[in-house]
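Q: The sequence shown: position 29 = 29 (full-length UniProt numbering), numbered continuously.
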Amino acid sequence: MFLILSSGWLQLVPAPGRPSSSKWFDVGEISENSPDDWEGLDASAAHIANLLSTEPTDVKVGIGGFSMGAATALYSATCAALGRHGNGSMYPIDLRAVVGLSGWLPGSRGLRNKIEGSHEAARRAASLPILLCHGTNDDVAPITMERNLPTS
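(1) Would you identify the three-state DSSP class for residue 64, choosing helix, strand or coil?
(2) Considering only the beta carbon of each residue, do residue 85 and residue 42 sit closer than 9 Å?
(3) Buried or exposed: which applies to residue 95, given that a residue is buried once 16 or more other Cβ atoms fall within 10 Å of its Cβ?
(4) Helix or strand or just coil, what does DSSP make of residue 9?
(5) Are the Cβ atoms of residue 125 and residue 104 separated by less than 9 Å?
(6) Taking residue 79 as the reference, which of 111, 60, 102 and 67 has the closest Cα?
(7) Per the DSSP calculation, residue 110 is bridged to which residue(s)?
(8) Let me make sure I understand the geometry here. Which of 57, 133 and 39 has the alpha-carbon closest to that of residue 98?
(9) Whole angstroms is fine: what's the gap from residue 123's alpha carbon to residue 81's?
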């Protein structure tokens with residue numbers, strides 16, 4: 001199995017006390033209803049899928065991440081279940097596992113509705129192994145965000 005655990009790649013962001021840091025997508029408030037950077041999420045999911053698409057077909061591939069990386073991994077899992085990115089482009093890989101540490105699924109409420117609206121997407125989502133781990137004292141991405149994730 002080939003598993004990508006990567007830091008953000010798209011943008012350098014000034015942060016107090018840190019000259020620059022990377023991120024996967026723009027995020028304001030972390031909530032299941034918040035407006036999310038769908039373009040950034042699609043670009044990140046496509047970047048990861050493109051990296052994994054170069055693997056031999058007999059290699060099982062998975063992705064994982066911490067915080068925003070976990071959010072990107074969970075969004076990628078949603079794209080894999082739906083068979084396409086949010087922008088409609090095809091999701092090109094057979095994702096076999098997802099690991100998320102201290103993360104959340106951006107726009108989880110709307111994405112849940114999309115998956116539940118498709119029998120095939122619901123079947124794919126239910127068959128994808130996902131390991132989620134989250135600390136109870138996380139003040140950036142509260143554990144309630146992970147507890148409220150859609151389940152199959």
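No residue lacks a Cβ here, since even glycine has one placed at the ideal position from N, Cα and C. Keep in mind it's a predicted model, so treat the numbers as computed, not measured.
A: If we stick to the structure as given:
(1) strand
(2) yes
(3) buried
(4) Unreliable placement is indicated for residue 9, whose pLDDT of 47 sits below 50; no coordinate value is reported for it.
(5) no
(6) 111
(7) Looking at the DSSP assignment, residue 110 forms no beta bridge with any residue, so it has no partner.
(8) 133
(9) 8 Å
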